[in-house]
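J.:
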Amino acid sequence: MAAEDQSAHLNVETDALSASSVKVAEGQKTVRQAKEKSAAKNKSTAGKASEKLARLGLRKDMDFILHLPMRYEDETEIVSMRDAALRGGSAVQIEGVVTESDIQYRPRRQLVVTIADDSGQVVLRFLNFYGSQTKQLAPGIRVRARGELRHGFFGAEIVHPTYKIVNEGAALPTALTPVYPSGEGVPQALLRKAIANAIGRNNWNDTLSAARRAALHLPDFESSIRFLHTPPPDADQHSLSEREHPAWQRMKFDELLAQQLSLKRAQVARRSKGASALPLVGELSNAFLLTLPFTLTAAQEKVLSEIRQDLRQAYPMQRLLQGDVGSGKTIVAALAAAQAIDNGFQAALMAPTEILAEQHFRKIAAWLEPLGVKTAWLTGSLKKKEKQAASELIASGAAQLVIGTHALIQDSVQFSKLGLVIVDEQHRFGVGQRLSLRNKAEAGKVPHQLMMSATPIPRTLAMTYYADLEVSVIDELPPGRTPIVTRVIDQNRRDEVIQRVHAAAQEGKQVYWVCPLIEESETLQLQTATDTHAMLSAALPELQIGLVHGRLKPAEKHAVMDAFLRNETQVLVATTVIEVGVDVPNASLMVIEHAERFGLSQLHQLRGRVGRGAAASICLLLYMGPLGGTARQRLATMRETNDGFEIARKDLELRGPGEFLGARQSGEAMLRFANLETDQWLVEKARDLAQELLQREPQTVAAHLERWMGNKEEFLKV
Ligand code: ADP
Ligand code: MG
1 MAAEDQSAHL
11 NVETDALSAS
21 SVKVAEGQKT
31 VRQAKEKSAA
41 KNKSTAGKAS
51 EKLARLGLRK
61 DMDFILHLPM
71 RYEDETEIVS
81 MRDAALRGGS
91 AVQIEGVVTE
101 SDIQYRPRRQ
111 LVVTIADDSG
121 QVVLRFLNFY
131 GSQTKQLAPG
141 IRVRARGELR
151 HGFFGAEIVH
161 PTYKIVNEGA
171 ALPTALTPVY
181 PSGEGVPQAL
191 LRKAIANAIG
201 RNNWNDTLSA
211 ARRAALHLPD
221 FESSIRFLHT
231 PPPDADQHSL
241 SEREHPAWQR
251 MKFDELLAQQ
261 LSLKRAQVAR
271 RSKGASALPL
281 VGELSNAFLL
291 TLPFTLTAAQ
301 EKVLSEIRQD
311 LRQAYPMQRL
321 LQGDVGSGKT
331 IVAALAAAQA
341 IDNGFQAALM
351 APTEILAEQH
361 FRKIAAWLEP
371 LGVKTAWLTG
381 SLKKKEKQAA
391 SELIASGAAQ
401 LVIGTHALIQ
411 DSVQFSKLGL
421 VIVDEQHRFG
431 VGQRLSLRNK
441 AEAGKVPHQL
451 MMSATPIPRT
461 LAMTYYADLE
471 VSVIDELPPG
481 RTPIVTRVID
491 QNRRDEVIQR
501 VHAAAQEGKQ
511 VYWVCPLIEE
521 SETLQLQTAT
531 DTHAMLSAAL
541 PELQIGLVHG
551 RLKPAEKHAV
561 MDAFLRNETQ
571 VLVATTVIEV
581 GVDVPNASLM
591 VIEHAERFGL
601 SQLHQLRGRV
611 GRGAAASICL
621 LLYMGPLGGT
631 ARQRLATMRE
641 TNDGFEIARK
651 DLELRGPGEF
661 LGARQSGEAM
671 LRFANLETDQ
681 WLVEKARDLA
691 QELLQREPQT
701 VAAHLERWMG
711 NKEEFLKV
C-alpha cells in the first residue's frame with residue numbers, strides 16, 4: 001500500500017478528534033459521549049501505534065531521533081512525462097490526469113491506468129490491487145505517481161508506482177522523503193510522523209560548545225538530526241548513504257563520545273574499589289624463575305613486568321593479555337599466580353573447555369607442585385565426592401592454586417582468600433561469568449583479574465569495547481618456530497591428502513584431522529567424525545588413529561588426548577573441541593575439512609594447534625567448491641598470513657564487530673552508527689574529548705550521557 005494512503009488515514013483520525021471538540025457546543029450529553037468515544041478511539045489507536053513502535057525499540061524521543069533513514073526518495077520535483085520517458089530506468093515522479101482505467105486479464109489479471117500531462121502519457125500497471133483502487137483511479141482524476149519508468153510494449157510505463165490522488169497545484173514536499181527501517185505493520189507514514197513529533201517536541205541543546213564543534217569540523221546536533229531525517233533536495237545522496245556527510249559524522253562522534261565517557265567512568269568506579277596489594281615478595285616466584293624450562297622471550301618479560309606492576313596496586317588489575325596462538329601466555333599466567341601465592345593469596349584459573357583446563361592443570365601443576373604449591377582441580381564432570389573434596393580444599397585455603405572450568409563460578413564454591421583470577425580464552429566467556437568469579441573475593445575486596453586471549457583485538461576495538469582494560473601484548477613467538485605453510489585444496493584431491501598424512505606419519509610427525517563444522521546438527525557432526533575416523537583407519541591401516549569429540553566422557557577424552565600427547569596415536573581425528581589451547585608440539589600437519597564453513601578466527605585457532613615445535617608445519621584447508629565470495633576471501637587470507645592481528649583485522653572487515661565480540665559481549669554496548677574500520681579518527685577524537693570533559697565539565701558529561709545512554713549505562717559497568 002502506498003505510504004501516502006496511510007498518512008491520509010492518519011489525518012482522518014485527527015480530524016475525527018477535532019470534530020469531537022467542535023461538538024462541545026451541542027449540549028452536555030452529546031459532548032460527553034463524543035468525548036468518551038474519541039478518548040477511547042484515541043487511546044486504542046495511540047496504544048496500538050505506540051506498541052508497534054516499541055517493538056522496533058522506539059520509546060523515548062531520543063529513540064526516535066536515532067532511528068535514521070536507510071535511504072531517501074526525492075518527491076520534491078515533478079518531471080514532465082516526456083522528460084521522464086527520456087530519463088528512463090531511474091525513479092521519477094510524474095503527475096497527470098487519468099485518461100483510461102481498465103482491468104486486463106492477459107497475461108494475468110491487472111489494473112492498467114493511463115495518465116497524461118501536456119507532454120505525453122504513461123501507463124501505471126498494478127499486478128496486485130484492491131477493488132477500491134479501480135474506483136479511485138477513474139478517468140478525470142489527477143494522480144501524482146512515483147516509480148521506475150520503463151519502456152514496455154505499449155510505451156512508457158511504471159509497474160506498481162506509489163501514488164496519491166491530488167488536486168491541481170498541490171504543494172510538493174520541500175525535503176527528501178526519508179525511508180526508515182521498519183517492521184511488520186509499521187507504515188512509513190507512522191514512523192515519519194512519530195519521528196517528526198519527537199524532533200519538534202524537544203529542545204535539542206547541544207552538548208558540544210560552538211568552539212568544540214568548530215575545532216572538530218562538526219555541525220550542531222539539532223541541524224544534524226533535522227538534516228538526516230529531512231535533507232534538502234540538493235543534499236548529496238552519496239555522502240548520505242555512505243554515512244560520510246558531516247551530519248552523519250556528528251551522530252557517530254556523539255555516539256563514540258558517549259561510549260568513551262561511560263567506559264571511563266566505569267574505570268574510575270573500578271579503581272575506587274579495593275583490592276589486596278600483591279607485591280613481588282619473592283620466594284616462590286624466584287624459585288619458579290630458576291626452574292623454568294626455557295628462557296622467557298623479551299615480549300613475555302615485558303608483559304610480565306606490566307602484570308607485576310598492576311598486582312602491587314591496592315585497586316584491582318583488569319588486564320587483557322593478548323598473544324597469538326603459541327606465543328606462550330600460559331607461563332606468564334603461572335608466574336602471575338606465583339606472585340599471588342607468594343603473598344598468601346589463592347589464584348584461580350578458569351578455562352572454557354575441560355580439555356584445555358586439564359592441559360593447563362597438568363602443565364602448571366608440573367611447574368609449581370615441585371616447588372610446594374598445593375593445587376586443586378574442579379570441573380563439572382568430577383564425581384560428587386571429588387567435587388566436594390575440591391571445594392573443601394578451596395574453602396579452607398589449603399589449595400593455593402585452583403584450576404578448572406565454569407564449575408569454578410558455582411555458588412557452592414567459596415574461596416578462602418582469592419587474590420587473582422585468571423581467565424583463559426576470555427572471549428569464550430560471557431561478561432556475567434567473568435564477573436561471578438570476580439565476586440568471590442573477601443567482602444569489600446575485588447580480586448585482580450588477568451584475562452587471556454589469542455583472538456587479537458584490533459586497536460579501535462580495544463579502544464572502544466575494551467576501554468576499561470589495560471592491554472598487554474606478546475608480540476613475538478618463542479624462538480625456533482618455523483612458520484606454518486598453508487595450502488588450500490579442493491576436496492576432490494582428498495586421496496593425495498591422505499598420502500601426505502601417511503608420509504608425515506612415516507617421518508614421525510603427528511597429524512590433526514579436523515572434521516567439518518555442522519552447525520545445524522550436533523548428531524550429524526558426530527556422525528561425520530566417526531565416519532572420517534573409520535575412513536582414515538581403513539585407508540591407513542598401519543597407523544594408530546584416535547578420535548575425540550564433544551560427546552566423549554571426560555575420562556575417555558582424557559585417554560584419547562593422552563595417547564596423542566605420548567605419540568601412541570599418530571593421527572587425531574577431531575571436531576572443533578581441539579580448537580582452543582591444545583598443545584602437542586610434535587603435531588605438525590593439520591587437515592581441516594570443509595574449511596569454507598569455518599570463520600576466520602576459528603581457522604586461525606585451529607591452525608595454531610600446529611607450528612608449536614621445531615618442525616616445519618603444514619596446514620591443508622580442504623574445501624568444497626564452488627566457493628562464495630566471503631569464503632574465498634577467508635581462505636585466501638589464511639593462505640597469505642599467519643599473523644593473528646592481520647587475520648583479526650580481516651575478520652572485523654568481513655564480519656563486523658558484533659560477531660567478532662560474540663553477541664553476549666556486545667549486547668547493548670554495540671555501536672549503531674560508527675564503524676570502527678572506517679571511523680578510526682573519530683574514535684581517537686572522541687577518546688581525547690572524553691578525557692577532557694571528565695576532568696573539566698561534569699555537567700556536559702552528565703548531559704551527554706543522559707542523552708545517549710539513558711539507562712543503558714549499567715551494562716558497561718561490568
Ligand atoms: P598460548 O599463548 O597459545 O597459550 P602456550 O602458553 O600454550 O601458548 O605456549 C605454547 C608453547 O610454547 C608451549 O609448549 C610452551 O611451553 C612453549 N613456550 C612458551 N614460552 C616459551 C619460551 N619462552 N621459549 C620456548 N618455548 C616456550
Ligand atoms: Mg593458551
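Under the numbering used here, think of the first position of the sequence shown as 1, with each following residue one higher. For each residue, glycine too, the CB sits at the ideal point set by N, CA and C.
Cβ of K445 within 7 Å of any heavy atom in the ligand MG?
T.: Residue numbering aside, residue 445 sits at position 445 when the sequence shown is read from its first letter. Outside the cutoff, so no.
J.: Assuming the contact rule is C-beta atoms closer than 8 Å, Q544 and T523 should be a hit. Round their C-beta distance to whole Å, please.
T.: By one-based count along the sequence shown, residue 544 stands at place 544. By one-based count along the sequence shown, residue 523 stands at place 523. The pair is not a contact, with the Cβ atoms about 27 Å apart (cut-off 8 Å).
J.: When DSSP builds the beta bridges, which residues end up paired with M452?
T.: As a working note, residue 452 is residue 452 in the sequence shown. L321, per the DSSP bridge assignment.
J.: Expressed to the nearest angstrom, what Euclidean distance is found between the alpha-carbon atoms of T330 and L469?
T.: Reading the sequence shown from its first residue, position 330 is the one you call residue 330. Reading the sequence shown from its first residue, position 469 is the one you call residue 469. If I take the Cα positions, the gap works out to 19 Å.
J.: Counting pairs of Cβ atoms below 8 Å between the stretch 682-698 and the stretch 262-270, do you hit three or more?
T.: At 8 Å Cβ cutoff, the stretches touch.
J.: Considering Cα atoms alone, identify which of R612, I115, L635, A210 is closest to S80.
T.: Walking along the sequence shown from the start, residue 80 turns up at place 80. Cα-wise, what sits closest to S80 is I115.
J.: Is there at least one non-hydrogen atom of the ligand ADP closer than 7 Å to the beta-carbon of S327?
T.: By 1-based counting over the sequence shown, the position of residue 327 is 327. Within the cutoff, so yes.
J.: Rounded to the nearest angstrom, how far is the Cβ of Q311 from that of L278, given a contact under 8 Å?
T.: The count along the sequence shown starts at 1 and reaches residue 311 at position 311. The count along the sequence shown starts at 1 and reaches residue 278 at position 278. Before going further, note that residue 311 is Leu rather than Gln in the sequence given. Contact holds; Cβ gap of about 4 Å.
J.: From this set, T177, N202, E184, which residue's C-alpha is nearest D732's C-alpha?
T.: Outside the shown range of the chain (1 to 718) lies residue 732, about which nothing can therefore be said.
J.: What separation, rounded to the nearest whole angstrom, lies between the Cα atoms of L661 and W681?
T.: To locate residue 661, count along the sequence shown from 1; it is residue 661. To locate residue 681, count along the sequence shown from 1; it is residue 681. Unreliable positioning characterises L661 in this predicted model, as indicated by a pLDDT of 45, which lies under 50. The coordinate reading is nonetheless provided below. Near 21 Å, if we compare the C-alpha coordinates of W681 and L661.
J.: From the DSSP output, in three-state form, read off W377 for me.
T.: Numbered from 1 along the sequence shown, position 377 holds the residue referred to as residue 377. W377: strand per DSSP, three-state reduction.
J.: State the CB to CB distance for the pair L676 and V683, rounded to an integer number of angstroms; the pair is presumed to be in contact (CB under 8 Å).
T.: Counting from 1 along the sequence shown, the entry for residue 676 is found at position 676. Counting from 1 along the sequence shown, the entry for residue 683 is found at position 683. Indeed, because the Cβ distance is near 7 Å, the residues count as touching under 8 Å.
J.: Under 8 Å Cβ to Cβ from E77, same chain only, skipping five residues before and after it: list those, please.
T.: For the purposes of this step, residue 77 is taken as residue 77 along the sequence shown, with counting starting at 1. Once the five neighbours on either side are set aside, the close Cβ partners of E77 are Q93, L172, P233.
J.: CB of D679 to nearest heavy atom of the ligand MG: below 7 Å?
T.: Here residue 679 corresponds to residue number 679 of the sequence shown, with the count starting at 1. No, Cβ of D679 sits at least 7 Å from all heavy atoms of the ligand MG.
J.: Thinking L290 and L296 are a contact (beta carbons under 8 Å), I'd like their distance in whole angstroms, please.
T.: Reading the sequence shown from its first residue, position 290 is the one you call residue 290. Reading the sequence shown from its first residue, position 296 is the one you call residue 296. Not really, about 13 Å apart at Cβ, beyond 8 Å.
J.: Looking at the structure shown, is I498 part of a helix, part of a strand, or coil, going by DSSP?
T.: Counting from one through the sequence shown, the residue named residue 498 turns up at place 498. Here I498 sits in helix by DSSP.
J.: In three-state DSSP terms, what is A116?
T.: The residue given as residue 116 occupies position 116 in the sequence shown. Strand, per DSSP.
J.: Check for me: the beta strand (DSSP E) holding E735 runs from which residue to which?
T.: For the chain, the structure presents residues 1 to 718; residue 735 sits outside this window and is missing.
J.: Does the Cβ-Cβ distance between V112 and L149 come in under 8 Å?
T.: Position 112 of the sequence shown, counted from the start, is the residue given in the question as residue 112. Position 149 of the sequence shown, counted from the start, is the residue given in the question as residue 149. No. Outside cutoff.
J.: Out of V473, A347, Q388, E520, which has the shortest C-alpha to C-alpha gap to A299?
T.: Within the sequence shown, the letter at position 299 stands for residue 299. If we check each option's Cα against that of A299, V473 comes out closest.
J.: What do you reckon, is the C-beta of D220 under 7 Å from a heavy atom of the ligand MG?
T.: The residue given as residue 220 occupies position 220 in the sequence shown. For the ligand MG, not one heavy atom lies less than 7 Å from the Cβ of D220.
J.: Rounded to whole angstroms, what's the CA-CA distance from S276 to E653? Just pull it up for me.
T.: Here residue 276 corresponds to residue number 276 of the sequence shown, with the count starting at 1. Here residue 653 corresponds to residue number 653 of the sequence shown, with the count starting at 1. Computed Cα separation, rounded: 41 Å.
J.: Classify H217 as buried or exposed, calling it buried when 16 or more other Cβ atoms lie within 10 Å of its own Cβ.
T.: Translated into positions along the sequence shown, residue 217 becomes position 217. Label assigned to H217: exposed.
J.: Are the CB atoms of E255 and W708 nearer to each other than 8 Å?
T.: Translated into the one-based positions of the sequence shown, residue 255 becomes position 255. Translated into the one-based positions of the sequence shown, residue 708 becomes position 708. A contact, by the Cβ cut-off of 8 Å.
J.: Is the beta carbon of Q136 closer than 8 Å to that of I165?
T.: Residue 165 sits at position 165 when you count from the first residue of the sequence shown. Residue 136 sits at position 136 when you count from the first residue of the sequence shown. In this structure, Q136 lies closer than 8 Å to I165 by Cβ.
J.: Just to check my reading of the structure: A512 and I578 have Cβ atoms closer than 8 Å, yes? What is that Cβ distance to the nearest angstrom?
T.: Along the sequence shown, read from residue 1 onward, the residue named residue 512 stands at position 512. Along the sequence shown, read from residue 1 onward, the residue named residue 578 stands at position 578. The sequence shown places Tyr at residue 512, rather than the Ala named in the question. Yes, they are in contact, since the Cβ atoms of Y512 and I578 sit about 7 Å apart, within 8 Å.
J.: Taking only three categories from DSSP, how would you classify W513?
T.: By one-based count along the sequence shown, residue 513 stands at place 513. Three-state result, W513: strand.
J.: Are the CB atoms of A441 and T405 within a distance shorter than 8 Å?
T.: Counting from one through the sequence shown, the residue named residue 405 turns up at place 405. Counting from one through the sequence shown, the residue named residue 441 turns up at place 441. Going by C-beta atoms, T405 is not nearer than 8 Å to A441.
J.: Starting from V560, follow the alpha helix (DSSP H) in both directions and report where the run begins and ends.
T.: Position 560 of the sequence shown, counting from 1, holds the residue named residue 560. Looking at the DSSP string, the run of the alpha helix (DSSP H) that includes V560 is 554-565.
J.: Using only the heavy atoms of the ligand ADP, determine whether one of them is closer than 7 Å to the beta carbon of D490.
T.: In the sequence shown, counting from the first residue as 1, residue 490 sits at position 490. Flag unset: Cβ of D490 not near the ligand ADP.
J.: How long is the line joining the alpha carbons of A669 and A235, rounded to whole angstroms?
T.: The residue you call residue 669 lines up with position 669 of the sequence shown. The residue you call residue 235 lines up with position 235 of the sequence shown. With a pLDDT of 45 at A669, under the threshold of 50, the modelled position of that residue is not reliable, and no figure is offered here.
J.: Would you say the stretch 478-487 touches the stretch 618-634, given that touching needs at least three Cβ pairs under 8 Å?
T.: With the cut-off at 8 Å, the stretch 478-487 and the stretch 618-634 touch.
J.: Sorry if obvious, but does the Cβ on D688 come closer than 7 Å to a heavy atom of the ligand MG?
T.: Translated into positions along the sequence shown, residue 688 becomes position 688. Checking the Cβ of D688 against the ligand MG gives no.
J.: Got a sec, what are the start and stop residues for the alpha helix (DSSP H) T637 sits in?
T.: Your numbering for residue 637 matches position 637 in the sequence shown. Residues 629-640.
J.: What do you reckon, is the C-beta of T330 under 7 Å from a heavy atom of the ligand MG?
T.: If you number the sequence shown from 1, residue 330 lands on position 330. Correct: T330 has its Cβ closer than 7 Å to the ligand MG.
J.: Should Q300 be counted as a contact of the ligand ADP given a C-beta to heavy atom distance under 7 Å?
T.: Taking the first residue of the sequence shown as 1, we reach residue 300 at position 300. Yes; taking the cut-off as 7 Å, the Cβ of Q300 has a heavy atom of the ligand ADP nearer than that.
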